[in-house]
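Numbering (the numbering used here), first residue to last: 527 to 815.
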């Protein structure tokens, strides 16, 4: 572990945003190393990929918009763009105080959605959020709403995020108790934040209910714990979810880490994105590892 902590790593990623089989509009969005979708979009028609160094303190996020008319896609876009703007301005805070950085980012996203809602006299609009921030040998997960974060290592698989929902519901989805777009006078914004160690063999998955409504935790675990390239993992998650039913949207992002082919995995409604951490950079005094 000591050697790993002194070694910088790279993160490979692949992602796609799919609109599904029912809707004509995509209410989901994401932020991945400077990339996001416009407010009005039809998803993506192919998987994109790339890589980024851990030393750049990368941030990855998924958003599942809610609201009538076009409010859902606007809310998710506002959250993604304001998240990216905050990250570009204050990214160094990830290495100094990652939990406070994530809390402040949530406040900035919430304010952006609330301001738009107030200016346009919209009573109800918002978005979920699931975020990963890499800080040295640790990764921090943050979520609001029912978009989830999973962790997998070898055959071990667990959910590390917390669903912010009000009990069960006999009719449709349960209402959310936390989301991006909560007016300050209504209730306090309380994101769930969890700290996880980064080491070889670890995988993470971020996903919205576009995936989890179609695939059970067991089905996701079956795919996430396989030794597959990240792009193939995303393709398989998307294929399985589409086959299970007429999905509104789905976003998947994957990252895994191993000694030979480390990486990262993440899934979410609206798009599929995959990431992998690779321990192949030479360390130096400033790497933090």
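C-beta: ideal position from N, C-alpha, C; glycine also.
Judged by DSSP secondary structure, residue 667 falls within the beta strand (DSSP E) whose first and last residues are 664–670. Comparing alpha-carbon positions, the option among 586, 576, 582 lying closest to residue 628 turns out to be 586.
The beta carbon of residue 635 is closer than 6 Å to those of 605, 608, 609, 706 in its chain, skipping five residues each way along the sequence.
A straight-line Cα-Cα distance of about 43 Å links residue 770 and residue 622. A straight line joining the alpha-carbon of residue 577 with that of residue 758 spans about 16 Å.
Judged by DSSP in its simplified three-state form, residue 540 adopts strand.
Counted as a single uninterrupted DSSP element, the alpha helix (DSSP H) harbouring residue 629 occupies residues 624–645. In the DSSP annotation of this structure, the continuous segment of the alpha helix (DSSP H) that includes residue 597 starts and ends at 597–616. Cβ atoms of residue 735 and residue 590 come within 8 Å of each other, at about 7 Å. Under the DSSP assignment, residue 578 falls in the beta strand (DSSP E) whose first and last residues are 574–579.
When rounded, the separation of the alpha-carbon atoms in residue 545 and residue 569 is 5 Å. Comparing alpha-carbon positions, the option among 699, 744, 725 lying closest to residue 679 turns out to be 725. In the DSSP assignment, the residues bridged to residue 719 are 668.
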